[in-house]
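Heads up, the thing below is written out as structure tokens.
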Amino acid sequence: MLRFALKNLAVRKGKVFLSILSIVFSASVALLAYNVATQVRGGIVDTAGYYDLIIGPAGSSTQLAMNTMFFTDQPLGTIPYSLVEELQENPMVQQAVPFLMGDSYNSARIVGSTPALLEGKELREGEMFSQTFDAVLGAAVAEKYGLKVGDEIVTSHGLTGNGTEHAAQPLRVTGILKTTHTAYDNQIFTSCETVWAVHGHSEEEEEEHDEEEEHVEEGEVCAILVRTRSFNDYYQLSEYYASDASLLVINPATVLREVLENVDVSAKIVYILCGIILGMNVLVISVITLLNLLDAKKEIALMRLIGVSMEKIALMHLIQNGLTGIAAAGVSLGVSRLCLVWMSDYVSSMGIVLNAGKVYPAEGWILLLVFAISILPTVACVFSMSRRDGLEN
1 MLRFALKNLA VRKGKVFLSI LSIVFSASVA LLAYNVATQV RGGIVDTAGY YDLIIGPAGS
61 STQLAMNTMF FTDQPLGTIP YSLVEELQEN PMVQQAVPFL MGDSYNSARI VGSTPALLEG
121 KELREGEMFS QTFDAVLGAA VAEKYGLKVG DEIVTSHGLT GNGTEHAAQP LRVTGILKTT
181 HTAYDNQIFT SCETVWAVHG HSEEEEEEHD EEEEHVEEGE VCAILVRTRS FNDYYQLSEY
241 YASDASLLVI NPATVLREVL ENVDVSAKIV YILCGIILGM NVLVISVITL LNLLDAKKEI
301 ALMRLIGVSM EKIALMHLIQ NGLTGIAAAG VSLGVSRLCL VWMSDYVSSM GIVLNAGKVY
361 PAEGWILLLV FAISILPTVA CVFSMSRRDG LEN
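With UniProt numbering, the residue at position 266 of the sequence shown is 266, and numbering never jumps.
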């Protein structure tokens, strides 16, 4: 039966290709939508709960959260570093981490902070930055630009990689992080002192910069990431610093929850569209299956004439569509992974890093549904033919 099924598939390769194509399109979209939405949700949830407070200049809460948590968008401005020292000495604060951003290396942003910002991240090689002009690279940065420990990199003013080069102050690569599949993979980390030193330009260099662009001066930071010791400490600190009109105090979990709601709404819309497309595929496959059976009417009659049972004929057609379903499911999975690889570079600028190798159990159920869609029309048609065959006998 398998041999006959394969021959029939070869004879009707045009219709088989159309069936596979229609399934692959909708199934790939469904797999891609679910995978991306789940990875984005997981990344936001994992990131949002690490710090209790983020303190920055007055402005947009979402911009401050996305800039400090996912290294996207522009910093809101600067605040005095003295606030960092004040918080570090506060008994209600468990950790206060400064955050600076203002330069770049090609497409990678330079983040000034302390090693505490990389807490929980492991080094693949080398050591953490400890002196001025030391730098630790995210895994993707090292791979993309072929950098290794001991290399020197020349950064540029601004976040686009097209600003004035700081050729007189190259950074030394002292370490490379292990792959985290987060926005950390695409950044370069150094100390606040390094950022301040690099920005110690002469007056001539400063005049070359865009007048509207924010400049980081020594003794300034873009934001402060704070972990408090208790909920009561968090509440008191929030109230205290929020009373200063020049400061913006946010809870990252609250702000990112709003972002997550938008992601969920978008994902639901895509799921509905996928469901509609899959429903249309059932109709398309049903029509193609019926046409195949009508084309094979004489062939079926001849097989019945030489004594082949209707059960075996039905089995042959089920094997045909089963093979089509398996092929469509496999191609759909492969296409969705290729799309993830292609999308990864594009969405990394938005702080989203996609792991193309990540497969969720629910994706297996989607593929099972794809297989079921490919054989159900055949089961229905063959069952109908079996009943008619029995009445004719």
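The beta carbon of each residue, even a glycine, is placed where N, CA and C say it ideally should be. On a predicted model such as this, the values are computed, not experimentally measured, just so you know.
(request) Could you check what DSSP says for residue 101 in three-state terms: helix, strand or coil? (result) It is a strand residue.
(request) Would you decide whether residue 168 is buried or exposed? Buried here means 16 or more other CB atoms lie within 10 Å of its CB. (result) Answer is exposed; the Cβ neighbour count stays below 16.
(message) Mapping the DSSP letters down to three states, classify residue 252 as helix, strand or coil.
(response) helix
(request) Work out the CA separation of residue 108 and residue 370 for me, nearest whole Å. (result) 40 angstroms
(request) In angstroms with no decimal places, state the Cα-to-Cα distance between residue 119 and residue 375. (result) 51 angstroms
(message) Quick check on DSSP: helix, strand or coil for residue 136?
(response) strand
(request) Would you grab the beta carbon distance between residue 35 and residue 363 for me? Rounded to a whole angstrom, and I think it's under 8 angstroms. (result) 7 angstroms
(message) I need the straight-line Cα distance from residue 178 to residue 253, nearest angstrom please.
(response) 26 angstroms
(message) For residue 31, which residues in the same chain have their Cβ closer than 7 angstroms to its Cβ, ignoring the five residues on either side in sequence?
(response) 332, 333, 336, 363, 366
(request) Spatial neighbours of residue 355 within its chain, please: CB distance less than 6 angstroms, with the 5 preceding and 5 following residues excluded, ordered by chain position. (result) 181
(request) Please name the residue in 122, 22, 344, 113 whose C-alpha comes closest to that of residue 130. (result) 113
(request) Between the Cα of residue 197 and those of 339, 232, 133, spot the shortest distance and give me the residue it belongs to. (result) 133
(request) Starting from the C-beta of residue 249, find all residues in its chain whose C-beta is less than 7 angstroms away, skip the five residues before and the five after it, and write them out in chain order. (result) The beta carbon of residue 249 is closer than 7 angstroms to those of 53, 55, 238, 241, 242 in its chain, skipping five residues each way along the sequence.
(message) When you compare the stretch 92-103 with the stretch 215-233, are there three or more beta-carbon pairs, one atom per stretch, that lie closer than 8 angstroms?
(response) Contact between the stretch 92-103 and the stretch 215-233 is present, because at least three Cβ pairs lie under 8 angstroms.
(message) As a quick exercise: from 16, 40, 199, pick the residue whose alpha carbon is nearest that of residue 259.
(response) 40
(request) Name the residue from 59, 17, 45 whose alpha carbon lies nearest to the alpha carbon of residue 245. (result) 59
(request) Sort out for me which residues DSSP pairs residue 57 with in a bridge. (result) Looking at the DSSP assignment, residue 57 forms a beta bridge with 247.
(message) So, with DSSP's three-state summary, where would you put residue 190?
(response) strand
(message) Helix, strand or coil for residue 257? Go by DSSP, reduced to three states.
(response) helix
(message) What does the Cβ neighbour count give for residue 110, buried or exposed, with the cut at 16 atoms within 10 Å?
(response) Under a 10 Å Cβ-count criterion, residue 110 is classified as buried, with 16 or more other Cβ atoms of the shown protein chains found around its own Cβ.
(request) For the alpha helix (DSSP H) holding residue 84, just list the boundary residues, first then last. (result) Here the alpha helix (DSSP H) through residue 84 covers 82-88.
(request) Can you give me the start and stop residues for the beta strand (DSSP E) that residue 177 sits inside? (result) Segment 171-177, the beta strand (DSSP E) holding residue 177.
(request) Can you tell me which of 90, 138, 121 puts its alpha carbon nearest to the alpha carbon of residue 105? (result) For the residues 90, 138, 121, the minimum Cα distance to residue 105 belongs to 138.
(message) Considering Cα atoms alone, identify which of 247, 221, 287, 280 is closest to residue 99.
(response) Measuring from the Cα of residue 99, the nearest candidate turns out to be 221.
(message) Suppose the cutoff is 7 angstroms on Cβ atoms and the five residues either side in sequence are ignored; what does the same chain contact list for residue 24 look like?
(response) 328, 331, 332, 335
(message) Within a Cβ cutoff of 7 angstroms, which residues of the same chain sit near residue 73, ignoring the five residues on either side of it in sequence?
(response) 63, 66, 67
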